[in-house]
Amino acid sequence: DVKVTQSSRYLVKRTGEKVFLECVQDMDHENMFWYRQDPGLGLRLIYFSYDVKMKEKGDIPEGYSVSREKKERFSLILESASTNQTSMYLCASSFRRVRVLGYTFGSGTRLTVV
Amino acid sequence: AQRVTQPEKLLSVFKGAPVELKCNYSYSGSPELFWYVQYSRQRLQLLLRHISRESIKGFTADLNKGETSFHLKKPFAQEEDSAMYYCALSINSGGSNYKLTFGKGTLLTVNP
Numbered sequence: 164d165v166k167v168t169q170s171s172r173y174l175v176k177r178t179g180e181k182v183f184l185e186c187v188q189d190m191d192h193e194n195m196f197w198y199r200q201d202p203g204l205g206l207r208l209i210y211f212s213y214d215v216k217m218k219e220k221g222d223i224p225e226g227y228s229v230s231r232e233k234k235e236r237f238s239l240i241l242e243s244a245s246t247n248q249t250s251m252y253l254c255a256s257s258f259r260r261v262r263v264l265g266y267t268f269g270s271g272t273r274l275t276v277v
Numbered sequence: 006a007q008r009v010t011q012p013e014k015l016l017s018v019f020k021g022a023p024v025e026l027k028c029n030y031s032y033s034g035s036p037e038l039f040w041y042v043q044y045s046r047q048r049l050q051l052l053l054r055h056i057s058r059e060s061i062k063g064f065t066a067d068l069n070k071g072e073t074s075f076h077l078k079k080p081f082a083q084e085e086d087s088a089m090y091y092c093a094l095s096i097n098s099g100g101s102n103y104k105l106t107f108g109k110g111t112l113l114t115v116n117p
């Protein structure tokens, strides 16, 4: 069974802090994704990566960056956290041909910025 | 522009009644569509994909290219079907790479 593990289930951070959200998958998936999930807005893509050291902006990249130094790990970085970044963050991974198989999601990190 | 529309934010039915969760899409390429489900306090998980033409937990979904729809149906709803449901469209983002774009979700409540 594919496992996508997000390091924290809940996080509380202060405005202006640098925040790291970690995601690790154990099935040798090429693709990894970061979404944020907000009520009424669904899932919105922040950044994604198709390979080590590669990254692409999603629909809402502002205020975020990512790092993928190893195939199994994809980190989301909030350079200077703000209250409007309070949200549920979901990591997902897939084989390159997501077209057929879809994603596997982590359990999410609920981030509160105060 | 590629888009997935789920017109209902909330849907409430009684146990044993039929349920249909609507999904419409716009995409210039050949569409690949999915339904994901998130039960309370659980992770988002794949429910079904149109390419498999499968029935999972009694749910089915048929791709209608003419109406650009991929509605999710179940003839007799159960209380355990209460969850958030997301429709998703696979979009080519260059070469052989694809990503999913999601609708805003429909919260289904099945009342006893």
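In order, the protein sequences belong to chains C and Z. Take the position in the first sequence, starting the count at 1, then add 163; the result is the number in the working numbering. Take the position in the second sequence, starting the count at 1, then add 5; the result is the number in the working numbering. Cβ coordinates follow ideal geometry from the N, Cα and C atoms, glycine included.
Cβ contact annotation for residue 103 of chain Z (same chain, cutoff 6 Å, sequence separation greater than five): 95 and 97, in chain order. Looking only at Z/22, Z/17, Z/26 and Z/20, the smallest Cα-Cα distance to residue 92 of chain Z is reached by Z/26. Residue 255 of chain C is classed as buried because its beta carbon has at least 16 other beta carbons within 10 Å across all chains shown.
Interface annotation, residue 273 of chain C: not in contact with chain Z, CB-CB separation never under 8 Å. Between the segment 10-29 of chain Z and the segment 176-194 of chain C there are fewer than three C-beta pairs closer than 8 Å, too few to call the two in contact.
Around the CB of residue 17 of chain Z, fewer than 16 other CB atoms lie within 10 Å, so the residue is classed as exposed. Per the coordinates, the alpha-carbon of residue 227 of chain C lies some 11 Å from the alpha-carbon of residue 198 of chain C. The secondary-structure analysis by DSSP pairs residue 168 of chain C across a beta bridge with C/187. Residue 49 of chain Z sits in coil when the DSSP states are folded into three classes, being neither helix nor strand. Around residue 270 of chain C, the beta-carbon contacts reaching into chain Z at under 7 Å are 48.
Neighbours of residue 109 of chain Z in chain C, taken as residues whose beta carbon is under 7 Å from its own, are 203, 204 and 205 in chain order.
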